[in-house]
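Residue numbers (our numbering): 374 to 829.
Report on one structure; see the data block that follows.
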C-alpha cells in the first residue's frame, strides 16, 4: 500500500470508530450515523482520485462514464433496501391487525389456561406462545401487550423477575429468527455479493433460519430447565376473557401462516414465496377467520397505523443501504481490501472462524460493530472485497444477532421488560450472556461441519 492509501485507510477507520462509539454512547442517532458513514467512506477514498471528490458522474480510468457518490451511494443506497422496507411495512400492518382482533392476547391467555399451576410448564408455554407470536409480528407495542399479561403470571408463580423477563426475550428472539421480514432483510444485504440474485439469497437465509431456530429453541429450553424450579406451585388461575372479535382456534394459528407459506415454498413448491406475499396471505387469512365486518377498511387502517409504527425502522434501512453502497463504491475497495485480507487470513480456517466469531459475539451489544442494524449490515460487502465468503459472514450476523435480540440492554424491549419487573437491564444481559455464546458456537459449528459452507 502507498502512503496515501494508508492515510485513507486510517481516516476511514477513524470515521467508523468515531461513529460506532457515538452510537454506543447515544451521542448520535443510528438513523443519522449510518448514511453519514457511507458518504464519508466513499468521499475519503475518492479525494485526490476523482474530480469534485467523486460526488458527480465522471469518467473512470478506462474512459467510461460512471455514477458519482450522489447517485451511486445516496441514490442507489436509499433504494437498495426496497424489498426489506416493503416487507417491514406489510409486517407492521400484520402486527397491528393481530393486536386489533386480539389474537396475540388470546394466545397468551390460552397458554396460561393450559399451563395450570405447574411453574416450569408455565414458563415453557409462555416461551412458546411468545415465540409463535413474534414469528409474525414485532415492535415494542407487541412486547408490552404480551409482557403485561405474561410477566405478572410468571412472577406470581415464583419465577424471578430476571428469569421471567429473559423467558419473554428468548421467545421473542427465537420466533423473530423465523419472521419472513427478517428473511427479506438479510437476503437484501446478501444479494449483491452472491450469484443467483435475490431469490437465491432469500432461500439461503430461510434455510439458515431453520437451523438457528432449532438451536435457539433447544438452548432456551435448557435455560428454562436450569433457572425454573419444578417444585414450585403457582397460586395463579387463568380467567377467561371475551375478545373484541369472535376468535376460533383457527384464528390462533394466524401468526404462523406466513412462516408456513415461506417454508413450504422452499421445500415443497417449485417457486419461493417472498416475505411480502407470505405476509399478505397472513393478513387475508386473519381478516377471513376473525369475521371482521368491514374487511377492506380494517386492512387499510392496519397499513396506515402499521406504517407509522415502523417509520423509524424504514429510515434506519435507508441509512443502512447508503452505508453498504458507500463501502461498495469502486474507489473504496482498493483502500480497505488489504486490511480486510489480513483479517480474513486469520479467520479463514474453520477453527479460527468458529472460535473467533464466538468470542466476538459481545460486539453485537450496545450497538456494536457486529450489530446487523448498524455497521454489521455492511460486513458481507466489506469481507467480499477480500474474497471471504459473504454467506459465512451472514451466518455470523444471524448467529451473533441472537444475543443482540435478547441480550442488548439498549433494546427498547429489554428496557421496558426490565422496568416492568423492576430489575436493571444489564442483569438480564448477564443472565443470558452464556446463552448467546453457546448459540453462536453451535450455529457456526453446524455451518462448518454439517452445511460445510466455504470460507473463501
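Don't be surprised by glycine CBs; every beta carbon is placed ideally from N, CA and C.
For a cut-off of 8 Å, the C-beta gap from residue 737 to residue 773 is around 5 Å, short enough to register as a contact. Checking the DSSP bridge columns, you'll see residue 439 partnered with 431. Taking C-beta separations shorter than 6 Å and ignoring five residues to either side along the sequence, the partners of residue 456 in its chain run 557, 561, following chain order. Here residue 649 is buried: its Cβ has 16 or more other Cβ atoms, across all protein chains shown, within 10 Å. Burial is judged here by how many other beta carbons sit within 10 angstroms of a residue's own beta carbon; residue 682 has at least 16 and is buried.
For residue 640, the enclosing alpha helix (DSSP H) stretches over residues 630–640. Contact between residue 750 and residue 697 holds: CB atoms are separated by about 6 Å, below the 8 Å threshold.
For residue 443, the closest of 476, 422, 408, 477 by C-alpha to C-alpha distance is 408. In the structure shown, the three-state DSSP call for residue 491 is strand. In the structure shown, the three-state DSSP call for residue 507 is helix. Between residue 624 and the set 661, 639, 597, the nearest pair of CA atoms involves 661. Between residue 713 and residue 548, the alpha-carbon positions lie close to 34 Å from each other.
Residue 585 sits away from residue 779, with the two beta carbons spaced by 7 Å or more.
Between the alpha carbons of residue 711 and residue 588 lies a distance of about 35 Å. Residue 592 is positioned such that its CB atom lies no closer than 7 Å to that of residue 532. The alpha-carbon of residue 705 is positioned some 8 Å away from that of residue 419. Put simply, the segment 662–679 touches the segment 455–469. At least three CB pairs are less than 8 Å apart. Here residue 536 has 600 as same chain residues with Cβ atoms under 6 Å from its own Cβ, once five neighbours each way along the sequence are excluded. At a Cβ-Cβ threshold of 7 Å, residue 700 and residue 730 do not count as neighbours. A buried status is given to residue 634, since no fewer than 16 other beta-carbon atoms sit within 10 Å of its beta-carbon. Residue 702 carries a coil assignment under DSSP once its states are collapsed to helix, strand and coil.
Around the beta carbon of residue 753, a 10 Å sphere encloses 16 or more other beta carbons of the protein chains shown; the residue is thus reported as buried. Annotation: residue 508 to residue 397 spans about 28 Å, alpha carbon to alpha carbon. Listed in chain order, the beta strand (DSSP E) elements of length 3 or more contained wholly in the segment 791–828 amount to none.
A Cβ-Cβ separation of about 6 Å places residue 471 in contact with residue 628 under the 8 Å criterion. Look at residue 400 here: in three-state DSSP terms it is coil, with no helix or strand label.
Remark: C-beta atoms of residue 645 and residue 564 do not approach each other more closely than 7 Å. In this structure, residue 417 sits near residue 385, with a CB-CB distance shorter than 7 Å.
Taking the Cβ atoms as the reference, residue 476 lies roughly 7 Å from residue 620, within the contact range of under 8 Å. When secondary structure is reduced to three states using DSSP, residue 418 falls in the helix class. Between the alpha carbons of residue 671 and residue 659 lies a gap of roughly 11 Å.
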